[in-house]
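Engineer:
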Amino acid sequence: MYKCTNSNAKIIIDGFVEFASSVESTRIESELLPQCWEQINHKFPERRLLVSETCGFISPYLPVELQSSLIFSMLSQMLQEDRSEIVRRSVIKSLAIVISAITDASKYLQV
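To convert a position in the sequence shown, counted from 1, into the working numbering, add 2.
See the structure below:
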């Protein structure tokens, strides 16, 4: 699949959420997040949008420490570097979800 349609994205995200809700966070960290990280600079904005949305949807299933480190870093990098407005909007929504769970006040200054 090169470009991801809205219906495909929903199916993929639903699958990721189902996976994240049914396994330990270590599996999410070792199996799902590396795949997301590889896609943050993909040439198609649809893929990058999928990464951003996935980060927001799976973050409730991750420990706060992982949200405030890896997920936060991925989304922050995307917000700073992505040229697509739709991707940046999605990143902002996902960052809002992640930040609501973070207790480290220093992260607020990084957004």
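Every residue gets a Cβ at the ideal spot worked out from N, C-alpha and C, and that includes glycine.
#1: Can we say the segment 15–25 touches the segment 50–67, given the rule of at least three CB pairs closer than 8 Å?
#2: If residue 56 sits next to residue 15, beta carbons under 8 Å apart, how far is it from one beta carbon to the other, in whole angstroms?
#3: Between 9, 78, 46 and 52, which has its C-alpha nearest residue 38's C-alpha?
#4: What is the C-beta distance between residue 86 and residue 49, in whole angstroms, given that I count them as a contact (C-beta under 8 Å)?
#5: Let me confirm a value: residue 69 is counted as buried when at least 16 other C-beta atoms fall within 10 Å, else exposed. Which label applies?
Structural biologist: On the basis of the coordinates in this document:
#1: Three or more Cβ pairs closer than 8 Å define a contact, and the segment 15–25 meets that threshold against the segment 50–67.
#2: Reading the sequence shown from its first residue, position 54 is the one you call residue 56. Reading the sequence shown from its first residue, position 13 is the one you call residue 15. Contact between residue 56 and residue 15 is confirmed by a C-beta separation of about 6 Å, below the 8 Å threshold.
#3: For the purposes of this step, residue 38 is identified with residue 36 of the sequence shown, where counting begins at 1. Nearest of 9, 78, 46 and 52 to residue 38, Cα basis: 52.
#4: Residue mapping note: residue 86 aligns to position 84 of the sequence shown, counting from 1. Residue mapping note: residue 49 aligns to position 47 of the sequence shown, counting from 1. About 11 Å; that fails the 8 Å criterion.
#5: Here residue 69 refers to the residue found at position 67 of the sequence shown. Around the beta-carbon of residue 69, 16 or more other beta-carbon atoms lie within 10 Å, marking it buried.
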